[in-house]
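Trainee: Going down the list, the sequences are from chains A and B.
To convert, count from 1 in the first sequence and add 26; that's my numbering.
To convert, count from 1 in the second sequence and add 133; that's my numbering.
The beta-carbon is built from N, C-alpha and C at its ideal position, and this holds for glycine as well.
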Amino acid sequence: MSQLYDLKMLIENKIKADGLDAMDVKGKIGLRSGRMLAFITPTTADDPEAVAKLKQAVKDVLHISA
Amino acid sequence: MKWNLIRTKVLAALTACLVVGVGGIVALMHYSFAHNSQALAVESVTGAQKLFTILEAREISKMTAVSETLIMNPQVRDAFAAKDRARVLELTAPLYPKLKSEGITNWMFHTPEPDMLVFLRLHNPKKFGDALNRFLDKEVVRTHAIVIGNELAKAGFAVRILRPFYDSRGGVTGYVELGEEIGQFIHAMKNQTGDDYGLLLSKKFVDRQFWADSSAMWKRRDNWDDNPSFVVADKTTASDNIIQFQEDLAAVPAHGRVLEYFQDGNSVFVRGLFPIYDAAGNTVGAMFVVRDISGFYLAMRHTQNVLVLLTVLSLTIGMVLVLTLFKRLVFQRLEHIIVVATRVVGGDYETEIRVSSDDEVGQFEQLFEQFRRVFVDLLAHVPEFQKKPELQEK
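1. In terms of residue numbering, what span does the beta strand (DSSP E) encompassing threonine 416 of chain B cover?
2. When you compare only the Cα positions, how much space is there between isoleucine 376 of chain B and valine 445 of chain B?
3. So, are the CB atoms of valine 280 of chain B and phenylalanine 298 of chain B less than 9 Å apart?
4. Tell me the rounded alpha-carbon separation between leucine 30 of chain A and valine 473 of chain B.
5. Just confirm the distance between the C-beta atoms of glycine 414 of chain B and arginine 390 of chain B, as a whole number of angstroms; I'd bet it's less than 8 Å.
6. Are the CB atoms of aspartate 263 of chain B and leucine 253 of chain B within a distance shorter than 9 Å?
7. What does valine 51 of chain A touch in chain B if you count any residue whose Cβ is under 8 Å from its own?
8. Rounded to whole angstroms, what's the CA-CA distance from phenylalanine 166 of chain B to lysine 183 of chain B? Just pull it up for me.
9. Give, in chain order, every residue of the segment 33-49 of chain A whose Cβ lies closer than 8 Å to some Cβ of chain B.
10. Under 9 Å between the Cβ atoms of serine 489 of chain B and arginine 506 of chain B?
11. For chain A, find out if any of its Cβ atoms is closer than 9 Å to the Cβ of histidine 514 of chain B; answer yes or no.
12. So that I know if they touch, is there some Cβ in chain B lying closer than 9 Å to that of methionine 27 of chain A?
13. Secondary structure at tryptophan 136 of chain B, three-state DSSP: helix, strand or coil?
14. Give the residues from the segment 445-479 of chain B that approach chain A closer than 8 Å (Cβ to any Cβ), ordered along the chain.
15. For my contact list, threonine 238 of chain B and glutamate 314 of chain B are in at a C-beta cut-off of 8 Å; report their separation, rounded to the angstrom.
16. Short of 7 Å in beta carbon distance, which residues of its chain neighbour methionine 62 of chain A, apart from the five on each side in sequence? Order them along the chain.
17. What residues of chain B sit near leucine 30 of chain A, judged by a beta carbon separation below 7 Å?
18. Sorted by chain position, which residues of the same chain lie with C-beta nearer than 8 Å to arginine 58 of chain A's C-beta, five sequence neighbours on each side aside?
Laid out in structure tokens, this is it:
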């Protein structure tokens, strides 16, 4: 599985665990990282720049280090 | 506070308007007060000068009438022609208290030239035989007609008339002089206007010893050292604070001079002075005028406070109204668009943007809603979405 997908799963788990508004959180992260999470699948190829942007977005929105 | 927000910028602009508005009102009121107090001071000085001239003319007229009556009295005429001092005193002494009560404090008979000695002083009968040699004396000898003017003498600073006295054949037997202390004018002026006055005499025309002697005679404090260039001969107020002038009285222009307004405790005053000339045209003194404008000042301050309060109140209400309008018409609707746009990216393809109006923001809402639908439609045609419905967020 790709790093991007792992990050997506991390986000999903955090949303479930904290009972957050999934659409709002995913939207904010998607806008910050420039990528819709819906398009990230287990087979999505890793792109170092995309991974870095997504990590930063996760940090900004969920305040957790990925 | 985030300075990049429109809300902050609008608030800052409105606050600046408030500060400028209040500052403007305070500055305007200050200018208005300074301007009006100056006008009041000018009016006080010119009014006092006119009143002084009127009083002086009235008293001169009175003294002229008295002297006219005196000249027409054959008993006085003959007694004076005979230089019978006791008889002249006997005839005129009963009249002097009445004239004195009317303000005529000086009354003298003079012998004719060339000596022109004091023959009789009704206000001081025991003293006679001295020569005064004043400007008025020389003028009446030169013209043999009535002469009028202010003269500073040992008896005080007075407005005087001096005229020839004739015998039954029309020959000049001497002169009669009547005078009124100018100092008493200021009390009449205060009664009429309510303003305070001070009579200043230039030290150049007053003998130091004479001033000390007259102060002792009138039982008043010797105030010679109070001011560098003048002495206060009389004043209508007990306070010495309000009579302050450092320059030479000779420098005061004929129409008077207005001085700066000043505060003394809770009172505000405007001040000025105008010159007083003697018969020779010398600036021997000045009349200091002080008007209490505390009432005007308080009214102006009250108006200023009301205006400031109204400005603050109206601008505060304006600020609340503008910010409320901005919030309802712009900020809330923009936030809604941001929320919907964010949710679309998050996978919510159902929530629509409400187009609440057809104003500028409404047109943007409509445009963004159309864009959202195109975007959702585009997503529906993405192969990954069609093949893997599980990718579609719920």
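Mentor: In brief:
1. As a first step, residue 416 of chain B is located in the second sequence; it is residue number 283 there, counting from the start. 416-425 is the extent of the beta strand (DSSP E) around threonine 416 of chain B.
2. For the purposes of this step, residue 376 of chain B is taken as the residue at position 243 of the second sequence. For the purposes of this step, residue 445 of chain B is taken as the residue at position 312 of the second sequence. Straight through space, the alpha carbons of valine 445 of chain B and isoleucine 376 of chain B are spaced by roughly 41 Å.
3. As a position in the second sequence, residue 280 of chain B is number 147, starting the count at 1. As a position in the second sequence, residue 298 of chain B is number 165, starting the count at 1. Contact: no.
4. In the first sequence, residue 30 of chain A corresponds to position 4, counting from 1. In the second sequence, residue 473 of chain B corresponds to position 340, counting from 1. Cα to Cα, the separation comes out at about 25 Å.
5. Looking up residue 414 of chain B in the second sequence gives position 281. Looking up residue 390 of chain B in the second sequence gives position 257. About 19 Å separates the two Cβ atoms, so there is no contact after all.
6. The residue you call residue 253 of chain B lines up with position 120 of the second sequence. The residue you call residue 263 of chain B lines up with position 130 of the second sequence. Judged by beta-carbon spacing, aspartate 263 of chain B lies beyond the 9 Å limit of leucine 253 of chain B, meaning their Cβ atoms are not closer than that value.
7. As a working mapping, residue 51 of chain A is identified with position 25 in the first sequence. Going along chain B in sequence order, the residues near valine 51 of chain A (Cβ under 8 Å) are Gly479.
8. Mapped onto the second sequence, residue 166 of chain B falls at position 33. Mapped onto the second sequence, residue 183 of chain B falls at position 50. Distance between the alpha carbons of phenylalanine 166 of chain B and lysine 183 of chain B: 25 Å.
9. Going along the segment 33-49 of chain A in chain order, one finds Ala48 and Met49 with a Cβ nearer than 8 Å to chain B.
10. Counting from one through the second sequence, the residue named residue 489 of chain B turns up at place 356. Counting from one through the second sequence, the residue named residue 506 of chain B turns up at place 373. Cβ atoms of serine 489 of chain B and arginine 506 of chain B: not closer than 9 Å.
11. Along the second sequence, read from residue 1 onward, the residue named residue 514 of chain B stands at position 381. No, histidine 514 of chain B lies away from the interface with chain A (no Cβ there is under 9 Å from its Cβ).
12. On the first sequence, residue 27 of chain A is found 1 positions in, with the first residue counted as 1. Using beta-carbon distances, methionine 27 of chain A does not count as an interface residue toward chain B, since no partner is under 9 Å.
13. Along the second sequence, one-based indexing puts residue 136 of chain B at 3. DSSP places tryptophan 136 of chain B in coil when its eight states are reduced to three.
14. With the criterion set as a beta carbon lying under 8 Å from some beta carbon of chain A, the members of the segment 445-479 of chain B are Val472, Ala474, Thr475, Arg476, Val477, Val478 and Gly479, in sequence order.
15. Translated into the one-based positions of the second sequence, residue 238 of chain B becomes position 105. Translated into the one-based positions of the second sequence, residue 314 of chain B becomes position 181. Separation of the CB atoms of threonine 238 of chain B and glutamate 314 of chain B is rounded to 5 Å, and the pair is thereby assigned contact status at 8 Å.
16. By one-based count along the first sequence, residue 62 of chain A stands at place 36. Contacts found: Gly56.
17. Residue 30 of chain A sits at position 4 when you count from the first residue of the first sequence. Going along chain B, no residue has its Cβ under 7 Å from leucine 30 of chain A, so there is no contact; the nearest lies around 14 Å.
18. In the first sequence, counting from the first residue as 1, residue 58 of chain A sits at position 32. Scanning its chain for C-beta atoms nearer than 8 Å, with the 5 sequence neighbours on each side dropped, one finds around arginine 58 of chain A the residues Lys79, Gln82, Ala83, Asp86 and Val87, in chain order.
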